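Here is the structure we will look at.
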Amino acid sequence: MKKRLVWRGLLLGMVLSGLGAAQSQPPALNSPPLNLTNALYLSKALTYIQTHALYSSRVDWPKTQAEAQRLAQTTTTTAQLYPFLREVIRELGDHHSAFQTPTDEGLLLNNLGKPDAGYLAVATLDGLHRVSSVFAGSRAAQAGLRAGDLIVSYQNNGSVSRHLTWRHSGERTTHTATWPLQPNTSPVPAVGRALPNHLGTLELYSNMPWASPTLQIKYAAQAQAQLKSADQTARCGWILDLRRDEGGNTGAMMLALGPLLGDGSVMTYWPQRQAALSQQVIYKEGQVKAVVAGRPRDLGLIFALPHPVTLKVKNPPVAVLQGSFTASAAEGLVVAFHGRPLTRFFGAATYGVPTGNAGIRLPDGASIRLTEGVSVDRQGHQYEGPIAPDVVTAEWSHFGEAGDPTLIAATQWLESQASCRAAR
8 MKKRLVWRGL LLGMVLSGLG AAQSQPPALN SPPLNLTNAL YLSKALTYIQ THALYSSRVD
68 WPKTQAEAQR LAQTTTTTAQ LYPFLREVIR ELGDHHSAFQ TPTDEGLLLN NLGKPDAGYL
128 AVATLDGLHR VSSVFAGSRA AQAGLRAGDL IVSYQNNGSV SRHLTWRHSG ERTTHTATWP
188 LQPNTSPVPA VGRALPNHLG TLELYSNMPW ASPTLQIKYA AQAQAQLKSA DQTARCGWIL
248 DLRRDEGGNT GAMMLALGPL LGDGSVMTYW PQRQAALSQQ VIYKEGQVKA VVAGRPRDLG
308 LIFALPHPVT LKVKNPPVAV LQGSFTASAA EGLVVAFHGR PLTRFFGAAT YGVPTGNAGI
368 RLPDGASIRL TEGVSVDRQG HQYEGPIAPD VVTAEWSHFG EAGDPTLIAA TQWLESQASC
428 RAAR
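Note that the sequence shown covers residues 8 to 431 in my numbering.
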C-alpha cells in the first residue's frame with residue numbers, strides 16, 4: 008500500500024543542487040575502502056549534515072560530536088553507526104531529510120522505487136487506508152477493487168505478490184484476493200477529462216521512477232496529451248487536482264503542466280535561504296530551465312518536449328485542489344502556481360515539505376539526503392511548511408464519487424469567472 012516515504016519526492020525535482028540531485032541513477036554500490044575508519048566515516052557524514060542542512064542549528068552539535076567520538080572507539084563496522092546517523096537526521100525535524108542504508112539504496116535501484124500493486128491508497132485520520140486509484144487493466148481492477156474502497160488488511164509475499172482484504176464504500180462485506188506485484192517501471196499517469204460547462208480537469212499523481220529522465224519526459228508527454236484531449240471543450244477554465252500527488256520530480260511535473268503554468272518564471276529555489284544562490288525555474292514553449300545566479304541561461308536546461316501542447320485559451324483560470332497528501336515535489340507545484348493570475352487554491356493545507364533536498368553517498372554505499380533550501384513563489388514569498396489554501400473545504404477520500412466538497416467549491420468559482428460566463 009502506498010506509504011508516504013521520505014525518499015519519495017526527495018527533491019523539488021531539478022538536476023541542480025537542492026532542486027534535484029536524483030535525476031540519474033547513482034553509481035553501483037562498492038565495498039568501503041580498506042582504510043576507512045569509523046572516525047573518518049562519522050566525520051564525513053556529520054560535517055556534511057552540519058554544513059548543508061537547512062535546520063542544522065536544531066542539532067546539539069557538542070553532544071553529537073561527543074557521542075560520535077565514543078562510537079568511533081567502541082564500534083567496528085559502519086553499519087553499527089546507522090542508528091546514530093538516523094537520530095541526527097531526525098533531530099533536524101524537517102520531515103524531508105533521510106538516511107538510507109546500502110540495502111535501502113539497492114532496493115531503490117532494483118525496483119525503481121516500489122512494486123506496483125495496481126492501485127494507490129491514502130491513509131485516513133483513523134489510521135486506515137482508502138483506495139484512491141485503481142489502474143485500468145491491472146490485476147487489482149480485475150479483482151474488483153474500486154476507488155473509495157477501505158483496506159481491511161494486506162500482506163506482501165516479499166516483492167512477489169500481495170494478499171488484500173477490503174470492503175466497498177458503505178458496505179460491510181469484505182473481499183479477498185491475491186495478485187502478483189510488478190516492478191514499477193513506468194510513471195503513474197495523469198488523468199484528464201472534459202467536465203460540463205466547458206471546464207477541463209487534470210488529476211496529477213506522483214511520478215515514478217524519479218531516477219529516469221526518459222520516463223520523466225514520457226510522464227510529461229502523457230499528461231500534456233491528457234490536457235490536449237480535455238482542451239477541446241475547456242473554454243471556461245481548468246481544475247488541477249493534486250490531492251493524491253505525494254511527490255516525485257517537480258521538473259517533470261512542471262513540464263507536464265507547462266501549458267497551465269504559462270511561459271515565464273514560475274518559482275525560485277534558495278539554497279540555505281540565500282537569494283544570492285538562487286535557482287530560478289522557467290517554463291517556456293515545452294522546456295523547463297533553471298537559471299542559476301551568475302551563470303549563463305543555457306546551462307540550466309532540465310527537461311524538454313519536442314511537441315508541447317498549446318491551449319486554445321491562453322492563461323485560463325485554474326483552480327488548484329490540494330490536501331494533506333499533497334507533498335514534497337507536488338508542493339513545489341503549488342508554489343509554482345502561487346502568484347499566477349486567475350488562480351485559486353481549494354482544499355486543505357499541504358503536507359508541509361515544499362523544500363529542496365540534495366545528498367551524498369557515503370563510502371560504504373549508504374547515503375544522506377538533506378533538506379537544504381526553500382522554495383519561493385513568483386511574488387517572492389518563501390515556503391518551508393504546510394501551504395494553506397485560499398478556500399478551506401473538508402478533506403475528501405472518496406475520490407471518484409459524487410459529493411466532493413473541494414471539487415464543488417472549485418467548480419463554482421470557475422463558473423463565476425468572466426471567461427466562463429462569456430463561453431455560455
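All C-beta atoms, glycine included, are put in the ideal place defined by N, C-alpha and C.
It should be emphasised that the depicted structure is a prediction, and the values quoted were computed from it without experimental measurement.
Close CB contacts of residue 82 within its chain, under the 8 Å cut and outside five residues either way in sequence, are with 45 and 88 (chain order). Under a 10 Å Cβ-count criterion, residue 253 is classified as buried, with 16 or more other Cβ atoms of the shown protein chains found around its own Cβ.
In terms of Cβ geometry, residue 260 and residue 336 form a close pair [threshold 8 Å]. The DSSP-derived three-state label of residue 54 is helix.
Scanning its chain for C-beta atoms nearer than 6 Å, with the 5 sequence neighbours on each side dropped, one finds around residue 210 the residues 198 and 248, in chain order. Under the three-state reduction of DSSP output, residue 367 falls in the strand class. For the pair residue 284 and residue 56, the CB atoms are not nearer than the 8 Å cut-off. If you ignore the 5 residues before and after residue 214, its C-beta comes within less than 7 Å of the C-beta of 194, 195, 223, 226, 255, 256, 259 and 260, all in its own chain and listed in chain order.
Between the alpha carbons of residue 155 and residue 219 lies a gap of roughly 31 Å.
The segment 100-108 makes contact with the segment 366-377: 3 or more CB pairs, one atom from each, lie closer than 8 Å. Residue ranges of uninterrupted beta strand (DSSP E) with 3 or more members, entirely inside the segment 321-408 and ordered along the chain, are 325-329, 350-354, 362-368 and 374-383. Around the Cβ of residue 70, a 10 Å sphere holds fewer than 16 other Cβ atoms; the residue is exposed. Our two residues, residue 276 and residue 270, have alpha carbons roughly 18 Å apart in a direct line. Beta-bridge partners of residue 173 (DSSP): 158 and 182. Between residue 263 and residue 231, the CB-CB gap stays under 8 Å. Look at the beta carbons and you see the segment 322-332 touching the segment 393-403: at least three pairs across the two are nearer than 8 Å.
In summary, residue 348 is exposed, with fewer than 16 beta-carbon neighbours lying within 10 Å of its beta-carbon over all protein chains present. Out of 364, 281 and 345, the CA that lies nearest to the CA of residue 268 is found in 345. If you draw a 10 Å sphere on the C-beta of residue 296, you find 16 or more other C-beta atoms in it, and that means buried. The closest CA to that of residue 152, considering only 170, 163 and 58, is found on 170. Annotation: the continuous alpha helix (DSSP H) that includes residue 149 extends over 146-149.
Burial check for residue 308: the Cβ neighbour count within 10 Å stays below 16, so the residue is exposed. If you check the CB distance, residue 124 and residue 147 come in under 8 Å.
The Cβ atoms of residue 274 and residue 384 lie closer than 8 Å to each other.
Runs of the beta strand (DSSP E) lying entirely within the segment 263-308 and spanning at least 3 residues, in chain order: 271-278, 286-291 and 294-299.
Between the C-alpha atoms of residue 142 and residue 311 there is a straight-line separation of about 27 Å. Between residue 403 and residue 413, the gap from beta carbon to beta carbon is short of 8 Å.
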